[in-house]
Amino acid sequence: MRFWKLTTAAIAATLLVGCGPPQVDQSDSGADSRTGTLRVWLFDEANRDPKEKVVNAAVEEFEGNHRDVTVEVRYIAVDTRSERFTGAFNDPSSAPDVAEFGNTDLASYVAAGGMSDLTGVIEDWPAATDLSDSVLDTAEVDGKTYGVPWFTGVRALYYRTDVFDELGLEPPRSLGELVETARRIRSERPDMYGIAAGGKYTYAMMPFIWASGGELAERRNGSWRSAVDSEASRRGIRTYTGLLDPAICPPDQCAQLTGTESIQAFAGGKAAMAIGGDFNRTAVDEGAAGDNYDVVPLPGRKTGSIAPAFAGGNLLGVLRSSDHSTLAQEFIKVLAGKKYQRRMYEAMSYLPTFEDVQDRVAADDPAIEPFIETLQAGTRFVPSTPAWSEIDAQEILPTMAQRIATGEKVRPATQRAAQRMNSAFDDR
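Residues in the sequence shown are numbered from 3 upward in steps of one, following my numbering.
Structure, rendered in structure tokens:
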């Protein structure tokens, strides 16, 4: 049975958007009441009902086991979360005890001093041993854990089964095969892109860098430094930007494509392949590709390997100002626990972060298996620093990719990008 119920835009926004760090001064509450009202902030959805039903069931269970506690859930807009969290960090009286937030926002919130260290909670929680290690890494800053991964999302390779059958092709098993397959499709089907590779689709380019042994940045002597100008990273960048070629995906049409637009090109029948997330499935199902597509893990550099995917997703954490910290931790263990992660998947198609739950949903829903396989092969994440919000906002990596796609050599383009990234790191 398939569960693909949210719109692509809603899920992608929840998983991927970033914001600047709140400028606040926060301190611990010092109180830890075991009764009263537990305030919870969760992100709103285009269609809240499925999510709300799961949350309400978790609240009912929690309140049933804590008779003197009332859980008050408030749904906040994703687009205004920066202002809301800044206000909460500055005014504890308006702050929640528990909050949902994007994993790319975590470093900024920690730098602002707004989040509680949950390292001990994770270490003492038996269920946490089944959390995916690479997904749990997205909840860490400087070796400490500040959130429980509630759900995650990864990308894999969508391809048109009818086009592959027509041309006698098999799904590519390496990045080299991917390039050659895309080139052959464009040659024999000039009405289609071999693959919809967007110059502004950074999350599609990242796996090429990681699969080639490169990194976005490295921690050196306590500071982050860009690594996109290393030889390994350049190899991955060169392979990805090589897809932005007239013989595959013409730069004048593809250099400006974002991730959403790349998926739209595939869903609309303009591309034979695309790199898309589990959260893009509904858009593809409703498009011209219809039932004529399948998904496999994005291959790595070596034949038969899987390229590391970016691990998007949201966390549940406790604010430092909470005067119900123990209750907040206990509530998170319920809502982000295995039982309700499974229910959240069934309601919202959010991928679970516990590997045993992942195995069960893949067994029940084979369509999700390529994404689970990608998850369990090991994911990667952006540098855990507030500087990443600035790097992202300045579009440093998309600008680099577009420059290369429109004729600049890889070496100077990566050097310029590295310099700009290092300036952002230095500012933090």
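The beta carbon of each residue, even a glycine, is placed where N, CA and C say it ideally should be.
query	result
S225 (DSSP reduced to helix, strand or coil)	strand
Under 7 Å between C-beta atoms of E357 and D132	yes
S96 vs A90 beta-carbon contact at 7 Å	yes
Coil, strand or helix - Y246 by DSSP	Per the sequence presented here, residue 246 reads as Leu, with Tyr not at that position. Of the three classes helix, strand and coil, the one that applies to L246 here is coil, per DSSP.
Endpoints, beta strand (DSSP E) assigned at I78	71-78
Cβ contact check for the stretch 325-343 and the stretch 185-199: 3 or more pairs under 8 Å	no
Helix, strand or coil at F87 according to DSSP, with G and I counted as helix	helix
Boundaries (first-last residue) of the beta strand (DSSP E) holding I277	275-279
Euclidean distance between Cα positions of S176 and R303	5 Å
Local conformation of D119 per DSSP, three classes	coil
Three-state secondary structure assigned by DSSP to D428	helix
Sequence-distant residues of its chain with Cβ nearer than 7 Å to V143 (five each side left out)	L108, A109, V112, S386
Rounded Cβ spacing between E102 and N282 (contact assumed at less than 8 Å)	In fact, because the Cβ distance is near 21 Å, the residues do not count as touching under 8 Å.
Nonlocal neighbours in the same chain, by C-beta distance under 6 Å from R345, ignoring five residues either side	V56
Sequence-distant residues of the same chain with beta carbon closer than 8 Å to A206, five excluded per side	R157, A199, G200, Y242, G261, S264, I277
Proximity of P173 and L180 at Cβ, strictly below 7 Å	no
Cut-off 7 Å between Cβ atoms - residues of its own chain near A338, not counting five sequence neighbours on either side	V150, W152, L318
Residue nearest to N105 in terms of C-alpha spacing, selected from P128, H68, Y148, E125	Y148
S323 burial status per 10 Å Cβ neighbour count (16 or more: buried)	buried
Test item: CB-CB of A309 and G289 under 7 Å	no
Cutoff 8 Å; reference A249; Cβ partners in own chain excluding five residues on either side	R185, R188, S189, G196
Nearest neighbour of S136, chosen from M275, T284, A234, L377 [CA to CA]	L377
Residues bridged to Y295 (per DSSP)	R162
P414 - DSSP class collapsed to helix/strand/coil	helix
Own chain, CB closer than 8 Å to A59, minus 5 neighbours either side, in chain order	Y342, R345
Continuous beta strand (DSSP E) stretch holding V150: start and end	150-155
DSSP-derived helix/strand/coil call for R382	strand
Residues of its chain near W390, where Cβ-Cβ distance is below 6 Å and the 5 sequence neighbours each way are ignored	V384
Boundaries (first-last residue) of the alpha helix (DSSP H) holding L218	Run containing L218: none; DSSP gives neither H nor E here.
At least three beta-carbon pairs within less than 8 Å, the stretch 412-430 to the stretch 221-230	yes
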